[in-house]
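In what follows, a structure is listed as structure tokens, so that the remarks can point back to it.
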Amino acid sequence: MDGGDWYELTCGPRGAGALELSLDSWKKKYSAGWLEYDANLIGKFASKFDARVEELGGPASYAGGQAFLAAKAWEDRDKVAVGSEEAAGFVYHACRIMRESDLGAEGDFGPGYSYLAGGNLGGIAGHYLYSACKR
0 MDGGDWYELT CGPRGAGALE LSLDSWKKKY SAGWLEYDAN LIGKFASKFD ARVEELGGPA
60 SYAGGQAFLA AKAWEDRDKV AVGSEEAAGF VYHACRIMRE SDLGAEGDFG PGYSYLAGGN
120 LGGIAGHYLY SACKR
């Protein structure tokens with residue numbers, strides 16, 4: 000289902016200021032998507048973001064930078080903190096990418112990710128969030 004309470008509990012509310020929250024502020028308020036997570040699922044989608052970085056102009060470009068931040072958030076996580084906050088950075092960036100996409104500007108989307116091209120960053124983020132929601 001597109002939209003729904005899970006997306007708000009995971010990504011925060013839509014609207015003014017939601018995308019302006021720092022990672023630290025966001026973590027304190029919205030933990031539904033990262034307190035319990037599937038490391039293999041995140042690894043799969045982090046790899047998809049990583050594969051797009053150079054295709055999108057590298058980390059210095061806006062789109063390449065978004066993909067880079069999401070992939071690095073998982074790659075550089077504190078592996079000692081398993082079960083704690085290790086997934087928070089990845090989920091934070093996935094939420095931001097999904098909401099900044101053309102489809103995400105209209106509302107949070109679940110299966111709607113399939114309307115976007117396979118390598119579209121919003122589609123990758125939306126697919127991850129939908130898969131995590133279904134768990």
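First residue of the sequence shown? That's 0 in numbering that gives the first Met the number 0, and the numbers climb one at a time after it. C-beta atoms are modelled at their ideal positions from N, C-alpha and C, and glycine is treated no differently.
So residue i is in the alpha helix (DSSP H); what residue range does that whole segment cover?
i: D4; result: 4 to 10
i: N39; result: 38 to 52
i: Y112; result: Careful: Y112 lies outside any alpha helix (DSSP H) and carries neither H nor E.
i: G14; result: Counting along the chain, G14 falls outside any alpha helix (DSSP H), and DSSP gives it neither H nor E.
i: S130; result: 120 to 133
Does DSSP classify residue i as helix, strand or coil?
i: R76; result: coil
i: S30; result: coil
i: G57; result: coil
i: E85; result: coil
i: S24; result: helix
Tell me which same chain residues have a C-beta within less than 6 Å of the C-beta of residue i, skipping the five on either side of it?
i: Y127; result: F44, A93
Would you call residue i buried or exposed, if buried means 16 or more other Cβ atoms sit within 10 Å of its Cβ?
i: E85; result: buried
i: L66; result: In the sequence as displayed, the identity of residue 66 is Ala instead of Leu. Buried, since its Cβ has 16 or more Cβ neighbours within 10 Å.
i: G14; result: exposed
i: D101; result: exposed
i: N119; result: buried
Once you ignore the five residues that flank residue i on each side, which residues in its own chain have a CB closer than 7 Å to its CB?
i: R95; result: L18
i: K26; result: E84, A87
Among the residues of its own chain, which have a CB less than 8 Å from the CB of residue i, if the five just before and after it don't count?
i: A104; result: R98
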